[in-house]
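Last residue of the sequence shown: 1131 (our numbering), numbering continuous.
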Amino acid sequence: MEHLARKAIEAALQAGADFADARIEHSHLTTIEISNGVTKKSATSRLRGAGVRAFKNGAWAFGQVNTLTPKTMQERGRSVAKLALAIEERASEKFELDAPVYQDTCRMKVSEDIQYIPIEEKVELARRIDKQAHDYDERISNSRAVYGDFACELHVANSFGTSVTVENSLPRVISSVTAKGNGDRRTAFKSYGGRGGFEELEDDFPQTIGTETAKLAVRMLDSKAVQGGIYDVLLDPILNGVMIHEAFGHACEADNWPAHTTVLEDKLGDRVGADNLNIIDDPTLPGMRGSFDYDWEGTKATRRTLVKKGILTELLHSLETASRLGKTPNGAARSQSFMYAPLPRMSNTFMEPGDWDVDEMIEDTGTGLLLCSFNYGYTDPAKGQFMFQASHGFEITNGEVGQMVRDVSIAGQILDILPRIDAIGKDFKMDAGTCGKSGQKVPDMNGGPHARIRKVPVGGM
């Protein structure tokens, strides 16, 4: 793959580009969906191609190649370089790129390569998850089980001399279950995924996820609506992770700075939370769905401390944003595939654990709400505003967990909410997901411990 990448890079430089890079990708995808015993989808596909970029004095051009030959790579290198030169004078800011050089090959070690697991075995896993839900209780009216995997070999090279080859392997299962009863209908959702081979799905939870999702859906039938108002709120690790990822993490993606679309603009080095608050984005964690060895520009992945003791200390950078802001690239440039240009993105994003026992936190709260998991929401990184609806929750009364509640949401402005986090649990949990931005989806994880926020606006029915 290196010789093909060099053909594109050399052609771009000869055509006048200041910098060029090429990403060559071979990937394999599987998607299986079983709903109420019926196979809705069973598909595998392979992608093979390259993305080529050229840079000239602040202007970028990008193109893709679906047929990998020396000729097609040279042609694409020349064409993107010519485009970069044509739009150079219209670049909003003139700057030069600077980046460290890496040369490495990183191979994944897995016990059961997902590319060689028979599709019948994958279908059977999804079918078993779907059946678990219906077997649990007669009130289950609908079940959907999804198995998905993605395996990839990626080679990245650039005109500075970087040449890295990496592998990724990401299996995942999803269960969505609806229960009907008491004149009501409730839907629960759970997922599990990681970085590794098919063996990642052999733990107890992914093997019983259909049952666990059905249990929650049935239990939610006995939940009650909550009165809206101002509450002391405990967020479970999943909802806490969603808040940190969506309302804060996206605002830390450094392409928002030149675009003036982040509430954190000009706040690097400023206090954004209490001394107990530490927020991390770390693609180096083993087994995590959002992990990788090098990013999609060939920069080595590093642990990023976004917030340390309440202070905003670091952003998520690509080569461009690091060059424009005078920082060091930290391996945060990601793309969905070779067909897209890399952007600054999160990986595994979480709040670090604190020193509170969860039961002690509940007892100390006295009266409030414990909110769990996530249904839907919205965020505006430019203003820091957000709204998230929890999947379910519980009343906290006299320092104890009480009645389950439903249709409850939290809202606020993230720079107003973070300083009101006054208790952070010792526990820790991550949840596998997929993050969307600018039409691209990338695998990620988010989570953390339980956390208490004082005086939160809560919406109910």
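Beta carbons are placed, not taken as given, at the ideal position from N, Cα and C, and that holds for glycine.
Rounded to whole angstroms, Ala992 and Arg746 show a C-alpha spacing of 26 Å.
The stretch 949-1006 is shown to contain whole beta strand (DSSP E) runs of 3 or more residues at 949-951, 974-978, in chain order. If you look at Tyr817, you'll find it in the beta strand (DSSP E) that goes 810-828. Shortest Cα-Cα distance from Tyr1046 to any of Ile844, Met1057, Leu1039 involves Met1057. The C-alpha of His1120 is placed about 9 Å away from the C-alpha of Gly911.
Distance check between Leu947 and each of Ser813, Met1100, Gly1118 places Gly1118 closest, using alpha-carbon atoms only. Selection Ala724, Asn727, Thr739 evaluated against His673 yields Thr739 as nearest (Cα-Cα). Contact check for Gly721 and Arg676: beta-carbon distance about 15 Å, past the 8 Å limit, so the pair fails to qualify. Below 8 Å, enough C-beta pairs join the stretch 1088-1096 and the stretch 1017-1036 to call them touching: three or more. Met1016 is a Cβ neighbour of Asp951, given a cutoff of 7 Å.
Residue pairing by DSSP puts Arg856 in a beta bridge opposite Ala849. Under the three-state reduction of DSSP, Pro841 is assigned to strand. For the stretch 1041-1105, the continuous beta strand (DSSP E) assignments of 3+ residues that do not extend past its boundaries occur at 1046-1050, 1055-1059, 1062-1067, 1070-1076, 1079-1083, 1091-1094, in sequence order. Rounded to the nearest whole angstrom, the C-alpha separation of Arg974 and Ala815 is 34 Å. Ranked by Cα distance from Ser1007, the options His1062, Leu976, Lys1111, Asp1097 are led by Lys1111. DSSP, read as helix, strand or coil, puts Pro770 in coil. A distance below 7 Å separates the beta carbons of Ala1081 and Pro1127. Counting C-beta pairs with one atom in each stretch, the stretch 833-850 and the stretch 782-799 have three or more that are closer than 8 Å, which means they touch.
With contacts defined by Cβ atoms closer than 7 Å, Leu1039 and Tyr817 do not form a contacting pair. Rounded to whole angstroms, the Cβ separation of Val847 and Ala884 is 5 Å, and the two are in contact under 8 Å. Taking the C-beta atoms as reference points, Gly943 is found nearer than 7 Å to Gly980. By the 16-neighbour rule on beta-carbons within 10 angstroms, Asn1068 is exposed. With contacts defined as CB atoms closer than 7 Å, Ala803 and Glu758 fail to qualify as a contacting pair.
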